[in-house]
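S.K.: For reference, the structure I am asking about is given below.
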Amino acid sequence: MSGPLLAEFPDAATLIGAARSLKVRSDCGLLDAFAPFPVEDLEQLIPARRSATPVTMLLAGFSTAVFAFALQWYSAVVDYPINSGGRPLNSWPVFLLVPFEVGIFAAALAGFIALLWSTGLPKLHNPLFDIPGFERASQDHYFLLARGESDETTLELRHLLRTAGATRVTEVRAP
Amino acid sequence: MSDVLEPNAAAPAPWVSAYRASDVEITQAVTAPLFASPGKFWWIALLVSAPFVAWLVAALVWVFYEGIGVWGVNSTVVWGVAIADYVWWIGIGNAGTLISAMLLLTRQRWRASINRFAEAMTLFAVAIAGLMPIVHLGRPIYAYWLAPYPNTMSLWPQWRSALVWDFWAIISYLLFSILFWYVSLIPDLATMRDRTRSRTGQLLYGAFALGWSGSLRHWRALRILHTTMAALGVPLVCSVHSIVGLDFAASLMPGWQESIFPPYFVVGAMYSGFAMVVVLALAIRWGFGLQAIITRKHFDVIGRVLLMSSIVMGYSYATEWFMGWYGGARSDRSLVAFEFTGTYAPLFWALLTCNVVLPQALWFPRVRRSLAALFAIAIAINIGMWLERILIVWNTLSHGYMPSLWRVFHFTIWDLAFVIAPLGFFAFLFLIFVRLIPAVSMFDMRELAHRENVA
Chain A
1 MSGPLLAEFP DAATLIGAAR SLKVRSDCGL LDAFAPFPVE DLEQLIPARR SATPVTMLLA
61 GFSTAVFAFA LQWYSAVVDY PINSGGRPLN SWPVFLLVPF EVGIFAAALA GFIALLWSTG
121 LPKLHNPLFD IPGFERASQD HYFLLARGES DETTLELRHL LRTAGATRVT EVRAP
Chain B
1 MSDVLEPNAA APAPWVSAYR ASDVEITQAV TAPLFASPGK FWWIALLVSA PFVAWLVAAL
61 VWVFYEGIGV WGVNSTVVWG VAIADYVWWI GIGNAGTLIS AMLLLTRQRW RASINRFAEA
121 MTLFAVAIAG LMPIVHLGRP IYAYWLAPYP NTMSLWPQWR SALVWDFWAI ISYLLFSILF
181 WYVSLIPDLA TMRDRTRSRT GQLLYGAFAL GWSGSLRHWR ALRILHTTMA ALGVPLVCSV
241 HSIVGLDFAA SLMPGWQESI FPPYFVVGAM YSGFAMVVVL ALAIRWGFGL QAIITRKHFD
301 VIGRVLLMSS IVMGYSYATE WFMGWYGGAR SDRSLVAFEF TGTYAPLFWA LLTCNVVLPQ
361 ALWFPRVRRS LAALFAIAIA INIGMWLERI LIVWNTLSHG YMPSLWRVFH FTIWDLAFVI
421 APLGFFAFLF LIFVRLIPAV SMFDMRELAH RENVA
């Protein structure tokens, strides 16, 4: 069985056109697209699961904030109580400042880790990097990765991508 | 080069000053200067800024060795240049992330041209700002006592102290800003990885690009994270500078214990930060020939932001004076009189001129369109904002409750070192940054060019 096909397009509009014509066929799967900037119209064509990043960030932020508050409360009320100008030992209004700051940082850090987790990065080598011309995916060219169900549909797919305006169609073989 | 972005002021698109800005032209325009030799002016600028770095190191060594008595501080005016520097630098440091995050959330497309270097400005400025309180501690070897850690003395930090809030605010903000900046840098690092021909470049850019392939799924994940971080970044920035304001407002000194301080410090931060962005944008635009990407329209809108901020600053000053009078306390009224007529009065009038009077010229479209005028006003604002910070410190401490304790600050040569040398250090870091990392976000620019129909 042949591997997926990588088709190179000179501009985003041609790529979107090709992706739309692939979408209507049930025997070809649209795997991914590669572009030098986030192309909005493409996002609807390749559906994705709901991202877990925001929830991860929320949980990490709040739990860190709660931990920071608990640490302050424990140190100021239980372990090292100081009468500072008659203020209550649990001076909770000012104890909110530190949890707010570290909570936001923890949320950002968790979001970054979630990004790495969900994208599989860092992954310094990608089989696609071996394909000549793919380095332009980060500059000015647009790529589609699609797979046919069988060898025949792959041939048809190659033809379809060609007629849709792909300048080059390459088969991707697993490394 | 034929395929580098050709600037044309007559082009119709508002935020790209060219008739055509294709993906390849934007990539070329931003990356080509990084692969070419840096040029005469860059070397001259680096050589000029290098002695300032040495000066800063020497000043730090001397203060650490001799103690903070080398400054003009005394037992009445216990704060000085280091504290004013801290507030000023963190103000500039707040603006980069604030500008970038706020413009992202409000969908201001023109942020594409300025977000990258504005955020780099933030990183360097916050790093310098974070140094200042440590220098001012007097016993910098004990700076780590601010952190809660298990210790044989069974001590804990005093959580009710503004110094402890500062510590957490600066650390959280600096680390957050590095992440926010880096996340939006990954795709551009991949572009650099794919364009550079040097082996070292490929290794370094490749490692930091994390294997970015431009996959649609990755773009989606990046956008979700970046937008969420922006939404968190705005309240974080406001809280950080509010905490700086609380350093003063949580005290019991006349002129400091005012509820207006936190918001007024945040606006002041945005004000000085935007002024610094003007200076850096002009330098980058000229140095890299990016007239098509950083357009006159950009300077026009930044001019409007500066004008609005200057009005808010003027209003805040007036509120301070009004409350000083209306509150009726002798110490507050006397302090306002001291500000206008006392020892530091010439500086106070200079501050009002720089921050409130001169920026009113920005009402005129001709001034906003003149880059020279905008540059001059931006420099004046930065000077004015530094004067504001030092005068907040000096005026109150020199004119507290007890007349027998009234003393003035005697500016020494080491104070001067801490005013000037960090500027050179900042310039030095920034010069290195623009040679290593694309100073303009390329993928944001490509998206902008496609939206403006010039790609």
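Residue numbers (my numbering), protein chains in the order written: chain A, 1 to 175; chain B, 1 to 455. Quick reminder that beta carbons are idealized off the backbone N, C-alpha and C, glycines included.
Note down, in chain order, each residue of its chain lying with its Cβ closer than 6 Å to the Cβ of residue 393/B, except the 5 sequence neighbours on either side.
M.R.: The sequence position of residue 393/B within the second sequence is 393, counting from 1. Cβ neighbours of residue 393/B beyond the five flanking positions: 79, 83 and 84.
S.K.: By Cβ distance, which residues of its chain are closer than 8 Å to residue 138/B, with the 5 residues on each side in sequence left out?
M.R.: Here residue 138/B is taken as the residue at index 138 of the second sequence, counted from 1. Cβ neighbours of residue 138/B beyond the five flanking positions: 67 and 68.
S.K.: How about residue 131/A: is its C-beta nearer than 8 Å to some C-beta of chain B?
M.R.: Here residue 131/A refers to the residue found at position 131 when the first sequence is read from its first residue. No - not a single Cβ of chain B is within 8 Å of the one on residue 131/A.
S.K.: With 8 Å as the threshold, decide whether the Cβ of residue 323/B is near any Cβ in chain A.
M.R.: Translated into positions along the second sequence, residue 323/B becomes position 323. No - not a single Cβ of chain A is within 8 Å of the one on residue 323/B.
S.K.: What runs of the alpha helix (DSSP H), each 4 residues or longer, lie entirely inside the stretch 170 to 239 of chain B?
M.R.: Listed in chain order, the complete alpha helix (DSSP H) runs (minimum 4 residues) inside the stretch 170 to 239 of chain B are 186 to 195 and 199 to 209.
S.K.: Taking contact to mean at least 3 C-beta pairs separated by less than 8 Å, is the stretch 261 to 269 of chain B in contact with the stretch 107 to 114 of chain B?
M.R.: The answer is no - the stretch 107 to 114 of chain B does not touch the stretch 261 to 269 of chain B, with fewer than three Cβ pairs under 8 Å.
S.K.: When DSSP labels each residue in this structure, what does residue 143/A get in the three-state scheme?
M.R.: The residue labelled residue 143/A in the question sits at position 143 within the first sequence. In this structure, residue 143/A counts as strand in the three-state DSSP scheme.
S.K.: The stretch 85 to 106 of chain A: which residues have C-beta closer than 7 Å to a C-beta of chain B, in chain order?
M.R.: Listed by position, the residues of the stretch 85 to 106 of chain A near chain B (Cβ gap below 7 Å) are 87, 91, 94, 95, 97, 98, 100, 101, 102, 104 and 105.
S.K.: Run through DSSP, which three-state label would residue 34/A get?
M.R.: As a position in the first sequence, residue 34/A is number 34, starting the count at 1. Strand at residue 34/A.
S.K.: With a threshold of 7 Å (Cβ to nearest heavy atom), would residue 279/B be considered close to the ligand GTP?
M.R.: The ligand GTP is absent from the structure shown, which contains no ligands of any kind.
S.K.: Considering only DSSP beta bridges, list what residue 183/A is partnered with.
M.R.: Lying before the first or after the last residue shown, residue 183/A is absent from chain A, which here runs from 1 to 175.
S.K.: So, does the stretch 116 to 133 of chain B touch the stretch 412 to 427 of chain B, judging by three or more C-beta pairs under 8 Å?
M.R.: At 8 Å Cβ cutoff, the stretches touch.
S.K.: Which residues of chain A have a Cβ atom closer than 7 Å to the Cβ of residue 191/B, listed in chain order?
M.R.: Here residue 191/B refers to the residue found at position 191 when the second sequence is read from its first residue. Simply 138 and 139.
S.K.: Can you name, in chain order, every residue of its own chain whose Cβ lies under 7 Å from the Cβ of residue 253/B, other than the five neighbours on each side?
M.R.: Residue 253/B sits at position 253 when you count from the first residue of the second sequence. Only 396 and 400 meet the Cβ criterion.
S.K.: For residue 1/B, decide whether its Cβ has a neighbour in chain A, counting only Cβ atoms nearer than 8 Å.
M.R.: Counting from 1 along the second sequence, the entry for residue 1/B is found at position 1. Unreliable placement is indicated for residue 1/B, whose pLDDT of 40 sits below 50; no coordinate value is reported for it.
S.K.: By alpha-carbon positions, which one of 380/B, 391/B, 13/B and 37/B ends up nearest to residue 346/B?
M.R.: If you number the second sequence from 1, residue 346/B lands on position 346. The residue with the shortest Cα to Cα distance from residue 346/B is 391/B.
S.K.: Opposite residue 148/A in the DSSP bridges: which residues?
M.R.: By 1-based counting over the first sequence, the position of residue 148/A is 148. Paired residues: 28/A.
S.K.: If you reduce the DSSP assignment to three classes, tell me which class residue 86/B lands in.
M.R.: Numbered from its first residue, the second sequence carries residue 86/B at position 86. Of the three classes helix, strand and coil, the one that applies to residue 86/B here is helix, per DSSP.
S.K.: Do you know offhand how far residue 433/B's Cα is from residue 98/B's?
M.R.: Mapped onto the second sequence, residue 433/B falls at position 433. Mapped onto the second sequence, residue 98/B falls at position 98. Their backbone Cα atoms lie some 20 Å apart in a straight line.
S.K.: What are the start and end residues of each continuous alpha helix (DSSP H) run of 4 or more residues lying completely inside the stretch 115 to 147 of chain B, in chain order?
M.R.: List check, alpha helix (DSSP H) in window: nothing returned.
S.K.: For chain B, find out if any of its Cβ atoms is closer than 8 Å to the Cβ of residue 83/A; answer yes or no.
M.R.: Here residue 83/A refers to the residue found at position 83 when the first sequence is read from its first residue. So no, residue 83/A is outside the interface.
S.K.: Alpha carbon to alpha carbon, how far is residue 87/B from residue 239/B?
M.R.: Residue numbering aside, residue 87/B sits at position 87 when the second sequence is read from its first letter. Residue numbering aside, residue 239/B sits at position 239 when the second sequence is read from its first letter. C-alpha separation (whole angstroms): 14 Å.
S.K.: So residue 244/B and residue 90/B are in contact, right, with Cβ under 8 Å, and what is the actual spacing, rounded?
M.R.: For this step, residue 244/B is matched to residue 244 along the second sequence. For this step, residue 90/B is matched to residue 90 along the second sequence. The pair is a contact, with the Cβ atoms about 6 Å apart (cut-off 8 Å).
S.K.: State the DSSP-derived secondary structure class of residue 66/A, mapped to helix, strand or coil.
M.R.: Start at 1 with the first residue of the first sequence, and residue 66/A comes out as number 66. It is helical.
S.K.: Of the choices 147/A, 136/A and 153/A, whose alpha-carbon is the least far from that of residue 196/B?
M.R.: Counting from one through the second sequence, the residue named residue 196/B turns up at place 196. Residue 136/A is the option with its Cα nearest to residue 196/B.
S.K.: Does chain A have any CB closer than 8 Å to the CB of residue 241/B?
M.R.: Numbered from 1 along the second sequence, position 241 holds the residue referred to as residue 241/B. Closer than 8 Å: no.
S.K.: Take residue 67/A as the anchor and find which of 95/A, 26/A and 82/A has the nearest alpha-carbon.
M.R.: Here residue 67/A refers to the residue found at position 67 when the first sequence is read from its first residue. It is 95/A whose Cα lies nearest to the Cα of residue 67/A.
S.K.: Looking at the secondary structure, which residues open and close the alpha helix (DSSP H) in which residue 323/B lies?
M.R.: Numbered from 1 along the second sequence, position 323 holds the residue referred to as residue 323/B. 296 to 327 is the extent of the alpha helix (DSSP H) around residue 323/B.
S.K.: Below 8 Å between beta carbons is the criterion; list the residues of the stretch 188 to 222 of chain B that meet it against any residue of chain A, in chain order.
M.R.: Correct list: 190, 191, 193, 194, 195, 206, 207, 210, 211, 212, 213, 214, 215, 216, 217, 218, 219, 220, 221 and 222.
S.K.: Give a yes or no on whether 8 Å exceeds the smallest Cβ distance from residue 14/A to chain B.
M.R.: For the purposes of this step, residue 14/A is taken as the residue at position 14 of the first sequence. For residue 14/A, the answer is no, since every Cβ of chain B falls outside 8 Å of its Cβ.
S.K.: Tell me whether residue 1/B is buried or exposed, calling it buried when 16 or more other Cβ atoms sit within 10 Å of its Cβ.
M.R.: Taking the first residue of the second sequence as position 1, residue 1/B is located at position 1. For residue 1/B, the predicted structure reports a pLDDT of 40, less than 50, and the residue's modelled location is therefore unreliable. The matter cannot be settled from this model.
S.K.: Interface residues of chain B around residue 112/A at Cβ under 9 Å?
M.R.: Counting from one through the first sequence, the residue named residue 112/A turns up at place 112. Going along chain B in sequence order, the residues near residue 112/A (Cβ under 9 Å) are 179, 182, 183, 225 and 229.
S.K.: By the 10 Å Cβ neighbour count, where 16 or more other Cβ atoms means buried, how is residue 94/B classified, buried or exposed?
M.R.: Along the second sequence, one-based indexing puts residue 94/B at 94. Buried: at least 16 other Cβ atoms inside 10 Å.
S.K.: Do we get a CB-CB distance below 8 Å when we pair residue 244/B with the residues of chain A?
M.R.: Against the second sequence, residue 244/B aligns to sequence position 244. No, its Cβ sits nowhere closer than 8 Å to a Cβ of chain A.
S.K.: Taking the alpha-carbon positions, what's the residue 65/B to residue 430/B distance?
M.R.: Counting from one through the second sequence, the residue named residue 65/B turns up at place 65. Counting from one through the second sequence, the residue named residue 430/B turns up at place 430. Near 29 Å, if we compare the C-alpha coordinates of residue 430/B and residue 65/B.
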